[in-house]
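Reading through the structure tokens given below for one structure.
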Amino acid sequence: MSTNGRTQIVILGGGFGGVYTAMHLEKLLAHASDVDITLVNRDNFFLFTPMLHEVAASDLDITHIVNPIRKLLRRTSFFEGDVEGIDLPNKRVCISHGFEPHQHHLAYDHLVLALGSITNFFNLPGLEEHALTMKSLGDAIHLRNRLIANLEEANSECAIQGRAPLLSVVVAGGGFAGVETVAGINDFLRESVTFYPNLSEETLRIVLVHPGAVILPELSPKLGTYAQRKLTQRGVEIHTNTKVTAATPCAVTLSDGTTIPTSTLVWTAGTSPNPLLSTLPCARERGRLLANEYMEVPEWPGVWALGDCAVIPDPQTGTPYPPTAQHALRQGKVLARNITTALRGGQKKPFVFSTIGQLAAIGRRTGVANILGINFSGFFAWWLWRTIYLSKLPRLEKKLRVVLDWTLDLVFAKDLVQFITLRAPTVSHVDDGEHMTSGR
Ligand SMILES: Cc1cc2nc3c(=O)[nH]c(=O)nc-3n(C[C@H](O)[C@H](O)[C@H](O)COP(=O)(O)OP(=O)(O)OC[C@H]3O[C@@H](n4cnc5c(N)ncnc54)[C@H](O)[C@@H]3O)c2cc1C
92 MSTNGRTQIV ILGGGFGGVY TAMHLEKLLA HASDVDITLV NRDNFFLFTP MLHEVAASDL
152 DITHIVNPIR KLLRRTSFFE GDVEGIDLPN KRVCISHGFE PHQHHLAYDH LVLALGSITN
212 FFNLPGLEEH ALTMKSLGDA IHLRNRLIAN LEEANSECAI QGRAPLLSVV VAGGGFAGVE
272 TVAGINDFLR ESVTFYPNLS EETLRIVLVH PGAVILPELS PKLGTYAQRK LTQRGVEIHT
332 NTKVTAATPC AVTLSDGTTI PTSTLVWTAG TSPNPLLSTL PCARERGRLL ANEYMEVPEW
392 PGVWALGDCA VIPDPQTGTP YPPTAQHALR QGKVLARNIT TALRGGQKKP FVFSTIGQLA
452 AIGRRTGVAN ILGINFSGFF AWWLWRTIYL SKLPRLEKKL RVVLDWTLDL VFAKDLVQFI
512 TLRAPTVSHV DDGEHMTSGR
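If you read the sequence shown in the numbering used here, its first letter stands for residue 92, the second for the next number, and so on.
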């Protein structure tokens, strides 16, 4: 017992794995006065990533797909901060936070590692400096702002010679995140361009670059081919069997030698496990922590791992479960039960789950889906996408806000307002205005 004779459960990461573990622990340990649960996360909210592209494409308001962790977890202590170190031998974690950053140490009896993954640029020249990513809420807001800023700039008379890079977008990666993002961007730009008198749809160039033969390799080639055909019909240029090899502020180079003039490259083509994991004295596979079927980290009693940062074997096949939200949230439920069993006694439960289905929205009320082995495409798949993900979005308030956004979308055009967080211009003296300073 670490503090005041009470058992300390510390959860690192407030994504699908961490938050769902805490939610289920709260239920299972509702009447346990001898256990403290603490969750540490960089942001004070839980991000519902499956709808992230809808924020980038201005379909949804920026706060509607996030939930404050404090509203989701009423019994758990929430700590907003950056995990900087994990000391397994001494059973404590080091967290930094604050306007003047300083460190805290949290002792634990049980530690849950749910730190997810980060974007990997594979050392490709210019990508780290120039590519946008699609992992966080900030990424989606940044992308949306960039698209609108580019339209504003391209519309001006003086940009006449340099419009091509402003009106071209390259998305790298034809998996779920890349395809949904490029579809959303395509719809957004084609709809918005009508508000810019000097621009037209013909001036837009939206490109998807995918290393495989067919996009959406997670689904069947049939659905991938369908998605490819629909996107092409809507004006997306798809380069298959091709990779992005370099980026500059105004161009992207592809592996087939093509150079595309663009100031907007969105990189969804690679992830790496959280770098903190490499500091741990634990076995890893491609950087992810090796855990057993109970989600225990071997040789470290009381340490558990789940979600994108862990390799958890399917007891039926021995192969690792894929890094998806639908797995992470279900792992959270079983893990909460196993921690409770470790505290109270009983039989631990292995994590066993078969993927129910996979869905992608590919724009203009069209989708592709494979549910229980059956393929769906078109409007019905898109409807399934919306219905299923809406049901998974936590909290009624956010569900209603999303439904309202989607309903208003039927009547009104997508919003073109940029989210600018800079101060408005100010003045330090009340006189003739000469001392006016710019907030930008
Ligand atoms: C754009 C996009 C779309 C997706 N769509 C789908 C989909 O449709 N269906 C699906 O099943 N899956 C989808 N996924 C995958 C899904 O989001 C992940 O598999 C899931 O989030 C994994 O959960 P996790 O808890 O392991 O990690 P995450 O949800 O990434 O959570 C990790 C948390 O840890 C925090 N963190 C990391 N490092 C630190 C630190 N040092 N200090 C403090 N906090 C830290 C992060 O801020 C984050 O909140 C999508 C992913 C993306 C990026």
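C-beta atoms are modelled at their ideal positions from N, C-alpha and C, and glycine is treated no differently. Since we're looking at a predicted model, the values are computed, not measured.
Can you tell me whether residue i is helix, strand or coil according to DSSP?
i	result
Pro-366	helix
Thr-359	coil
Arg-531	Low confidence applies to Arg-531: its pLDDT is 46, below 50, so where it sits in the model is not reliable, and the reading given next is rough at best. Residue state, collapsed to three classes: coil.
Gly-398	helix
Pro-411	strand
Cys-185	strand
Asp-230	helix
Arg-421	helix
Val-518	strand
Glu-390	coil
Gly-96	coil
Asp-500	helix
Pro-141	helix
Val-261	strand
Leu-513	coil
Leu-218	helix
Val-270	helix
Leu-507	coil
Arg-492	helix
Thr-331	coil
Thr-167	coil
Glu-191	coil
Ile-156	coil
Thr-339	strand
Asp-278	helix
Leu-426	helix
Arg-379	strand
Gly-348	coil
Gly-207	coil
Glu-175	strand
Taking just the CA atoms, how far does residue j sit from residue i?
i	j	result
Ala-231	Thr-512	15 angstroms
Ala-427	Leu-206	16 angstroms
Phe-212	Trp-358	8 angstroms
Leu-242	Leu-234	13 angstroms
Thr-353	Ala-240	14 angstroms
Ser-346	Gly-109	38 angstroms
Pro-340	Leu-215	14 angstroms
Lys-483	Asn-365	25 angstroms
Gln-407	Asn-383	13 angstroms
Ala-504	Gln-422	40 angstroms
Gln-389	Asn-332	Going by the sequence as given, residue 389 is Pro instead of Gln. The straight-line gap from Cα to Cα measures roughly 40 angstroms.
Pro-288	Ala-245	11 angstroms
Gly-437	Leu-481	36 angstroms
Pro-256	Ser-363	29 angstroms
Glu-191	Leu-103	22 angstroms
Ser-259	Ala-452	22 angstroms
Among residues of its own chain, excluding the 5 on either side of residue i, which ones have a beta-carbon nearer than 6 angstroms to its beta-carbon?
i	result
Ala-360	Ala-263, Gly-264
Glu-175	Cys-185, Ser-187
Thr-344	Thr-336, Ala-337, Thr-350
Gly-106	Gly-207
Leu-143	Ala-231
Ala-121	none
Val-402	Glu-376, Arg-379, Leu-381, Pro-411
Closer than 8 angstroms by C-beta to residue i: which residues in its own chain qualify, once you throw out the five before and the five after it? Chain order, please.
i	result
Gly-326	Asn-277, Arg-281, Glu-292, Leu-295, Ile-297
Arg-531	Low confidence applies here, because Arg-531 scores a pLDDT of 46, under 50, leaving its location unreliable and the question unanswered by this model.
Leu-368	Leu-204, Leu-206, Arg-375, Gly-378, Arg-379, Leu-380, Cys-400
Asp-178	Val-184, Cys-185
Lys-440	Tyr-385, Val-425, Arg-428, Asn-429, Thr-432
Asn-236	Gln-509, Phe-510, Ile-511
Thr-316	Val-305
Leu-228	Asp-134, Phe-136, Leu-138, Leu-143, Val-146, Ile-153, Ile-156, Val-157
Lys-162	Arg-486
Leaving out five residues on either side along the sequence, give the residues of the same chain with a beta carbon under 7 angstroms from the beta carbon of residue i.
i	result
Arg-455	Asp-278, Arg-325
Pro-159	Asn-135, Phe-136
Pro-372	Leu-179
When every heavy atom of ligand 2 is checked, does at least one fall within less than 8 angstroms of the C-beta of residue i?
i	result
Val-157	With respect to small molecules bound, the structure shown includes ligand 1 and not ligand 2.
Count Cβ pairs between the region 211-226 and the region 412-431 that sit closer than 8 angstroms; are there 3 or more? no
I'd like the ranges of any alpha helix (DSSP H) spanning at least 4 consecutive residues and lying wholly in the region 280-328.
312-324
- If we count Cβ pairs, one from each stretch, closer than 8 angstroms, do we get three or more for the region 119-135 versus the region 164-171? yes
query = Does the region 310-324 come close enough to the region 364-381 to have 3 or more Cβ pairs within less than 8 angstroms?
reply = no
If contact is defined by three or more beta carbon pairs under 8 angstroms, each pair taking one atom from either stretch, is the region 301-321 in contact with the region 479-494? no
Counting Cβ pairs closer than 8 angstroms, one from the region 458-468 and one from the region 442-450, do we hit at least three? yes
Quick one: any contact between the region 243-255 and the region 467-484, if contact means 3 or more CB pairs under 8 angstroms?
no
Requested in this report: Starting from the N-terminal side, write out each stretch of the beta strand (DSSP E) that is 3 residues or longer and does not extend beyond the region 433-490.
Outcome: 448-452, 458-462, 465-469
**Asked** For the region 104-139, which segments carrying the alpha helix (DSSP H) assignment without a break, of at least 4 residues, lie completely within its bounds, in sequence order?
**Response** 107-119
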